[in-house]
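> Sequence order for the protein chains is A and B.
For the first sequence, position 114 matches number 114 in my numbering, and the numbering has no gaps at all.
For the second sequence, position 44 matches number 44 in my numbering, and the numbering has no gaps at all.
Positions of the beta carbon are idealized from the N, C-alpha and C atoms, including for glycine.
Protein chains: 2
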Amino acid sequence: MPPRTRTDDWPCPIARAADLVGDSWTVLILRDAFGGIRRFEDFQRNLDAPRSVLTRRLRQLVDDGLLVRVPYQDRPPRDEYRLTEKGRAFWDVLAAMWRWGDTWAFEDRAPIVLTDAETGAEIEPMVVDANTGRPLEVRATRIRSRRD
Amino acid sequence: MPPRTRTDDWPCPIARAADLVGDSWTVLILRDAFGGIRRFEDFQRNLDAPRSVLTRRLRQLVDDGLLVRVPYQDRPPRDEYRLTEKGRAFWDVLAAMWRWGDTWAFEDRAPIVLTDAETGAEIEPMVVDANTGRPLEVRATRIRSRRD
DNA sequence: GGAGTAGGTTCGACGAACGAACGGACCGAC
DNA sequence: GTCGGTCCGTTCGTTCGTCGAACCTACTCC
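(1) Measure from the alpha carbon of arginine 99 (chain B) to the alpha carbon of each residue in A:Thr84, A:Ala130, A:Pro76, A:Glu80, then state which is nearest.
(2) Could you check what DSSP says for aspartate 97 (chain A) in three-state terms: helix, strand or coil?
(3) Return the residues of the stretch 30-44 of chain B that lie within a Cβ-Cβ distance of less than 8 Å from chain A, sorted by chain order.
(4) Mind checking which residues open and close the beta strand (DSSP E) that includes valine 138 (chain B)?
(5) Rounded to whole angstroms, what is the Cα-Cα separation between arginine 38 (chain B) and methionine 97 (chain B)?
(6) Assign aspartate 102 (chain A) to one of two classes, buried (16 or more other C-beta atoms within 10 Å of its C-beta) or exposed (fewer than that).
(7) Could you pull out every unbroken beta strand (DSSP E) segment of at least 3 residues lying fully inside the stretch 32-100 of chain A, listed in chain order?
(8) Run through the DSSP bridge pairs and tell me what glutamate 122 (chain A) is partnered with.
(9) Would you identify the three-state DSSP class for aspartate 129 (chain B), choosing helix, strand or coil?
(10) Does the contact criterion of 3 or more C-beta pairs under 8 Å hold for the stretch 80-92 of chain A versus the stretch 112-123 of chain A?
(11) Closer than 8 Å by C-beta to leucine 121 (chain A): which residues in its own chain qualify, once you throw out the five before and the five after it? Chain order, please.
(12) What is the DSSP secondary structure of aspartate 8 (chain A), counted as helix, strand or coil?
(13) Specify the secondary structure class of aspartate 19 (chain A) as computed by DSSP and reduced to three states.
(14) How many angstroms separate the CA atom of leucine 28 (chain B) from the CA atom of aspartate 74 (chain A)?
(15) Could you tell me if valine 113 (chain A) is buried or exposed, where buried requires 16 or more neighbouring beta carbons within 10 angstroms of its beta carbon?
(16) Between A:Asp64, A:Arg69, A:Ser24, A:Pro71, which lies nearest to aspartate 48 (chain A) when the distance is taken from Cα to Cα?
(17) I'd like to know whether the C-beta of serine 52 (chain B) is nearer than 8 Å to at least one C-beta of chain A.
(18) Does the distance from the CB of alanine 33 (chain A) to the CB of leucine 83 (chain A) come in under 8 Å?
(19) Strictly below 8 Å CB to CB, what residues from chain B border asparagine 131 (chain A)?
(20) For serine 207 (chain A), list the residues DSSP reports as bridge partners.
(21) Residues of chain A with CB under 7 Å from aspartate 19 (chain B), in chain order?
(22) Mind checking if proline 3 (chain A) is an interface residue toward chain B, Cβ cutoff 8 Å exclusive?
(23) Proline 13 (chain B) and alanine 105 (chain A) look like a contact to me (Cβ under 8 Å); what is the Cβ gap, rounded to whole Å?
(24) Determine, using beta carbons only, whether threonine 26 (chain B) and arginine 57 (chain B) come nearer to each other than 8 Å.
(25) Is there a Cβ of chain A sitting closer than 8 Å to that of proline 76 (chain B), yes or no?
(26) Please report how far the alpha carbon of methionine 1 (chain A) lies from the alpha carbon of valine 138 (chain A), in whole angstroms.
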């Protein structure tokens, strides 16, 4: 196909994010990265993705600044892929996807849960307005230009 | 290409969500739907997406239960696409993407903001743990099987 | 009857995804 | 010293989705 249409220059934050996340392998690579996976072979084994696609996606994520390549041995030279701050910030999006998927994409609920490492308590991601602390209401939301 | 690898039967909520949202046109269609767009021609004009792709994505979203086709006139027969409850719940994911894109995908900030329809106040989406009300901390998060 | 609107389908060219095989650089064991 | 294994890719052929433009059907309005 002709290269997929790019939206990374649109004025909308969703369009720009979609340009990166608008690909399921990319999402799953990031998910694994949050799970502590850093090496090519581990991503490949865990995702069972074609190696050529994996190479391409990892390179893209590095170019976009969500991952960095860090050497972890000299001979033979090997790099691992680590999340940057920009990449780590993306966890919020994945958490929102987790919540939605858990609620809407299973018969009942998902067989796995997010937990707090220390208390062991279940974590249930939820999206709120930082200014009021309340859940979002779609119908009452508008889009405006910043200076208005 | 061979049909893209499906992940809609994986046990992970993110994988299932990614199977739907793992496509930038789908994300943008949903964004527009939240903005009140309902008709084929309006989606097409606004996104400037190939009509054939648009047809396919809309059909997929209907099949997946995020949109429904509702007739709005008889002759000639015309349907519009409306968000279902499942689709409306997806706004949380788009809001998280908005926040991330706003923070990380512009030189400064995005030229547009979300606002409350009544007060006009800016809305800043934020992801928290519903149980503690606190922001998520990636490093302190684990994945566990539900019965454990 | 000619232009316009709405919601698609069809077509050809291009190139991305898949999957399997190959390669190169190292290691350790036999 | 060569055989197997590990790690990180690249290459290749087939399949099939994307793009973009053109086309089609069923109306309405002038």
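Taking the definition as stated:
(1) Between arginine 99 (chain B) and the set A:Thr84, A:Ala130, A:Pro76, A:Glu80, the nearest pair of CA atoms involves A:Ala130.
(2) According to the sequence shown, residue 97 (chain A) is methionine rather than aspartate. Helix at methionine 97 (chain A).
(3) Residues passing the 8 Å Cβ filter: Arg31, Phe34, Gly35.
(4) First-last for valine 138 (chain B): undefined, no H or E at that position.
(5) The straight-line gap from Cα to Cα measures roughly 22 Å.
(6) Flag for aspartate 102 (chain A) reads buried.
(7) Fully contained in the stretch 32-100 of chain A are the following beta strand (DSSP E) runs of length 3 or more, in chain order: 67-73, 78-83.
(8) In the DSSP output, where bridge partners are listed per residue, glutamate 122 (chain A) has A:Thr115.
(9) Three-state DSSP puts aspartate 129 (chain B) in a strand.
(10) These segments do not touch.
(11) Sequence inspection shows alanine at residue 121 (chain A); the leucine mentioned does not correspond to that position. Closer than 8 Å at Cβ, skipping near neighbours: Thr115.
(12) If DSSP states are grouped into helix, strand and coil, aspartate 8 (chain A) belongs with coil.
(13) Three-state result, aspartate 19 (chain A): helix.
(14) Distance between the alpha carbons of leucine 28 (chain B) and aspartate 74 (chain A) is about 44 Å.
(15) Within 10 angstroms of the beta-carbon of valine 113 (chain A) lie 16 or more other beta-carbons, which makes it buried.
(16) Restricting attention to A:Asp64, A:Arg69, A:Ser24, A:Pro71, the CA atom closest to the CA of aspartate 48 (chain A) is found in A:Ser24.
(17) The C-beta of serine 52 (chain B) comes no closer than 8 Å to any C-beta of chain A.
(18) Cβ distance < 8 Å, so alanine 33 (chain A) and leucine 83 (chain A) count as in contact.
(19) Residues of chain B passing the Cβ test: Ala121, Glu122, Ile123, Glu124.
(20) Here chain A has residues from 1 to 148 only, and residue 207 (chain A) is not among them.
(21) Per Cβ cutoff of 7 Å: Ser24.
(22) Not one chain B Cβ lies under 8 Å of proline 3 (chain A).
(23) Proline 13 (chain B) to alanine 105 (chain A), Cβ: 6 Å. Contact.
(24) Yes, Cβ-Cβ distance for threonine 26 (chain B) and arginine 57 (chain B) is below 8 Å.
(25) Proline 76 (chain B) does not count as touching chain A.
(26) Note on geometry: alpha-carbon atoms of methionine 1 (chain A) and valine 138 (chain A) lie some 35 Å from one another.
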